[in-house]
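Down below is the structure, laid out as C-alpha cells.
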Amino acid sequence: MVAGAQQTVTVGRQVRVAWPVIVVMVVASLLGFTCSAFAESLDEEIDRLKADVADLSQALYQLEEDVLYPVDTQVAVFLTLRNREGLNLDSVELYLNETPVASHLYTDQERDSLKQGGVQRLYIGNLPHGAHQLKAVLTARSAKERFVRREATHQFRKRPGESRIQMTLDAAAPDYEPVVSFQEWK
Amino acid sequence: MVVRAKLRKVFTVFALSLATAFAPGLASAGSDLASLRSGLAEFALDTHDPAAALRYTRNATTEAERLVRAKALLVTGSHQEAERLLKELLEGQYYRGQAALLLAELPTGPGDNKTREYLETAAKRASGSDRQKALYRLAEIEREAEHTDRAGKVLASMEPGYWAAMGYMNIAADYGRQDRNPSRALVALRVALAMSEEDVDSQRSQELRSRLLVRAGYLAYDHGDHEKAIGFLEKIPLESYSTSHGLYLHGLALSASGNQRAAMQSWHRAKKYPLAYPGVANAWLGTGRGYDLAGYLGQAGEAYLAANASFESERVTLRKLADQIRQKGAYQALVLDARNSEAQWFLADNRTLTQPRTAYLIRFIEQPTAQADVNRVAELREIRQTLNQREDSLAVFRGAISERLGPVDHDVDGGPYQENIEALVQRLANLKARTLSPAQQEALKGAARTLADLKASVARLDGRLKKKDRQLNELMTRTDHALERIRTVRRTADALLSRAESELDERALAYVEAQDHRMAFALDRTEQQIAHLYEYLALENLERGQP
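Sequences listed follow chains U and A, in order. All residue numbers for the first sequence refer to this note's numbering, where the first residue is 7 and numbers rise by one. All residue numbers for the second sequence refer to this note's numbering, where the first residue is 74 and numbers rise by one.
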C-alpha cells in the first residue's frame, strides 16, 4: 500500500512537472512552426513580387525600344566569340561615323558567358538611311599571353526596318591572331 | 483572258522560282536569328538580367532557348512555369541531365521521392560539374538516411574534384561522431584532401583544403596523436579563413606534447585575428596557461589580464554593434558598413580578415538561415532600386512624348523633298551614263538604293503624320500604365522589405547576443584563472613566510 501510495504521489508529481514542460514544448513548437510558416510565406510573396517585376521589366524594355528606337531607324550591334579559347577579351569600343557610341570593360563573368556562346548587345541606337561606318576597337589577351589591340571597320547602309549587325571575334590557332568579321541581319 | 492567264502563269512560275531560290537562305537566317536570340538570352541570364533573358525567349522554340527561359523563370520566382518547361526538356533530346538537376532543386513535399529520381536521371544524363553535383546530392541523401556505406559507394563513382571532396568531408564528420577510433574519419579526410586538389577553382580548393586540414588536425589531437595533428595543421595556409582555428589547435597539440614555447608562438599568432573567429578567444586563454605551465607565473597573470581586457573591449564592440543594428538595421550595420570599410585593393590581403565587423559578418553569414535573411533584404533592396530607376526613365519618356504630341509647328509637306529626291535621281542617272569604274558603279548603286528608301519614306510621311498623335497617345497610355504598375509593385516591395529587414534585425541581434554570452563566458574563465593564480601565489607566499 505504502509503495502504491508512493507510486501514485510520484506519478502525480511527474504529471505536475510534466505539464508546464509539455505546454512550453507545444508553445515552442507552435512558435517554431509559425516562424517557419512566416518565413515561407515571406519567400512565397517575394517570389510573386519577383515574377511581377520580371513581367513589368519585359513590358518596360519593349516600351523603351518603341519610344527610343523606332523600328525604321533602329540599329543594334552584337558581339559573339567564334573561337572560345583563343582570346581573353578586355575591352571593346564602338564608333559610328567616327563618333564613340559604346565602350565596355569585361568582367570574368561576361567573358565566361561569351565563351559559353552568349551574345552581347553592345549598342542600340538610331541612324538615318544611307551609308555609315562602324568601327570597333578591341583590346584582348591572346592564348599566347600576348596583349593585342585591333581596329576593324565595317561600311554598311542603313535601310528601313530594324538593322542588326553581328560582330564576331575569332582567334584561330596556331597564331591566335584576332580577326573581327561583321554580318548584317534584317 | 488568255493574256491574263499567261501572265498569271508567268508570275506563279516566277514566284515559285523565287521561293525555291530564297527558301534555304530564309530558313538559315531564321535559325541563325533564333541562335542570336538564344545567345542574347544566355548572356542576359549570366549577367544577372533575367527579365531580358525572358524577353529574348518569349517565343522559345529550341531546347536551348527553353532551358535558358526555365533558368530565368526560376531566378524570377516563377517556379511552376519553370517546372513545366523543365519537365518538357526532360522528355527532350539535349538537356535532360541539366533539366533533371534543376527539377531536383525545386522544393518538394514531405515523403516525395521525386528528388531522388531526378538526381538519378541527372547522374545518368548530365556531364561535368552537373553530374558530379547530382552524385554528391545522391550520396548526401544516403548519408542523411544513415546509409554511410551506400553513400561511400556513390562517392566512389565520382570524379575527383570539389563535389567528391565535399562528400568525403561529410562522411568523415559522420565517422568522427560514430567511431571511437579516428582512423576511418582520417582516411576519409585524406581522400577528401586528395579530391580537393583536382578542383578547377583554385581559391575554392584552397579554402576547402584548409577546412579539411583543421578537421583532420582536431581529430588527431582529440585522439592523442599530437605529431599527426601538428603535421596536418602546419599545412594550413596563413591567409586562409580557417587559419586562426588551425593556429589554436596547433598550439594545443604543441602544448600537449610539452613544447610550451612553440605553443605560445602559435597562440600569439592566433591572437592577431578578431575574437569572432573560432579558436581566437581560447588562444588568448591558452597564452596564460602556457606561461603557467612553463613556470612563468607573473607573465601568466599578465597574459590573463590582457585576455580579460581584450574580452571586455570585445563586449563593448558587441554592445555598440547591437546598438547600431537597433538604430540603422542589421543590413546597414553589418553588410553595407562592412562593405564600405573594406580595404583598398592593394591592402586587400589577409588583413581584411582582421576587421572585427567583417569578421562578425562572415561568422553570421555562415548560418544558412542568416544567408537567406540577408539575401531576401538584398534582393528586395535591389528590386526597389531598379523600380526607382525605371520610374525616373519613364518620367523622362513621358516628357519626351508629351513634347512630341500636338500639331506640328511648321508646315510639313513632302512635296519639296520629293522634288529634291527627283533632282538627285536625275543627277544619278546622268552620272550613270558616263563611263564609270566598278567602285563608282557600286557607290552609285548604293546611293540609288538610299534615294529609293527616302522616296518611299517621304511618300509615307503624310500617312505617318496623321497617325502620329494616335501612336504617341498610345505610347503615353502605355507609359502611364507602366508608371502605375511600378508604383503598385514598389508598395509591395516596400512592405516586404520592411518585414524582411525586421526578421534580419531579430536574427542579427540574437547572434550578437550569443556572441556577447560567449565573450562573457570567456571572461569568466579568465577571471577564474586569475583568481586561481592569485590564490596559488598567496599560498606560496604564506608557505615561504612560515618558519
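Glycine included, C-beta positions come from ideal geometry on N, C-alpha and C. All figures in this text were calculated on a predicted structure; none of them were measured in a lab.
Exposure of U:G124, with buried meaning 16 or more beta-carbon neighbours within 10 Å: buried
Are there 16 or more other CB atoms within 10 angstroms of the CB of A:L89, so buried, or fewer, so exposed? Model confidence at A:L89 stands at a pLDDT of 37, short of 50, so the residue's coordinates are unreliable and nothing is read from them.
Counting contacts by CB-CB distance shorter than 9 Å, is U:D176 in contact with chain A? no
Which residue spans inside the stretch 154-228 of chain A form an unbroken alpha helix (DSSP H) run of at least 4? 169-177, 187-198 and 201-217
Alpha-carbon to alpha-carbon, U:E151 and A:E515: 42 Å
Use the C-beta contact count for A:V389: other C-beta atoms within 10 angstroms, 16 or more gives buried, fewer gives exposed. exposed
So is A:D119 in contact with chain U if we call contact Cβ pairs under 9 Å? yes
Name the residues in the stretch 579-603 of chain A whose C-beta lies less than 9 Å from a C-beta of chain U; which are they? none
Among the residues of its own chain, which have a CB less than 6 Å from the CB of A:R436, if the five just before and after it don't count? A349
What does the Cβ neighbour count give for A:D185, buried or exposed, with the cut at 16 atoms within 10 Å? exposed
Identity of the residues DSSP links to U:Q172 by a beta bridge: U:F84 and U:Q189
Got a sec: is the Cβ-Cβ distance from A:S278 to anything in chain U below 9 Å? no
Looking at U:N89 and U:D176, is the spacing between their C-beta atoms short of 9 Å? yes
Label U:S97 either buried or exposed according to how many other C-beta atoms from any shown protein chain fall within 10 Å of its C-beta, with 16 as the threshold for buried. exposed
Answer yes or no: does any C-beta atom of chain A fall closer than 9 Å to that of U:F84? yes
Under 9 Å (Cβ pairs) to chain U, residues found in the stretch 438-453 of chain A: T442, A445, D446, R449, E452 and L453
What residue range is occupied by the uninterrupted beta strand (DSSP E) comprising U:Y101? L93 to L102
Does the distance from the CB of U:S202 to the CB of U:L120 come in under 9 Å? Outside the modelled stretch of chain U, which goes from 7 to 192, sits residue 202 of chain U, for which no answer is possible.
Answer yes or no: the CB of A:F594 versus the heavy atoms of the ligand PLP, is any distance below 8 Å? As far as ligands go, the structure on display features none, and thus does not contain the ligand PLP.
Can you give the beta carbon distance from A:G359 to A:G324, rounded, assuming they're within the 8 Å contact cut? 6 Å
Suppose the cutoff is 8 Å on Cβ atoms and the five residues either side in sequence are ignored; what does the same chain contact list for A:L501 look like? L517, A520, A521 and L524
In chain U, what lies closer than 9 Å to A:T621 by C-beta? This structure gives no information on residue 621 of chain A, because the portion of chain A shown stretches from 74 to 620.
DSSP state of U:H160, grouped into three classes? strand
Rounded to whole angstroms, what's the CA-CA distance from A:F95 to A:S200? Just pull it up for me. Note on A:F95: pLDDT 36, under 50, position unreliable in the model; the coordinate value appears next. Near 40 Å, if we compare the C-alpha coordinates of A:S200 and A:F95.
So A:N381 packs on A:I603, CB below 8 Å; how close in whole Å? 7 Å
Simplified DSSP assignment, three categories, for A:A133: coil
So, does the stretch 160-170 of chain U touch the stretch 142-153 of chain A, judging by three or more C-beta pairs under 8 Å? no
To the nearest angstrom, how far is the alpha carbon of U:V107 from that of U:A158? 15 Å
Rounded Cβ spacing between A:L306 and A:G290 (contact assumed at less than 8 Å): 4 Å
Proximity of A:A445 and A:Y584 at Cβ, strictly below 9 Å: no
Could you check where the alpha helix (DSSP H) with A:L378 kicks off and where it finishes? L370 to K401
Work out the CA separation of U:F84 and A:N461 for me, nearest whole Å. 28 Å
Mind listing the chain U neighbours of A:L113? Cutoff is C-beta to C-beta under 9 Å, in chain order. F84, G124, V125, Q126 and R127
Who are the near neighbours of A:A573 in its chain, counting only those whose CB is closer than 8 Å to its CB and skipping five residues on each side? D446, R449, V450 and L453
With a cut-off of 9 Å, does the C-beta of A:T523 fall near any C-beta of chain U? yes
Would A:V148 pass as an interface residue toward chain U - the criterion being a Cβ-Cβ separation below 9 Å? yes
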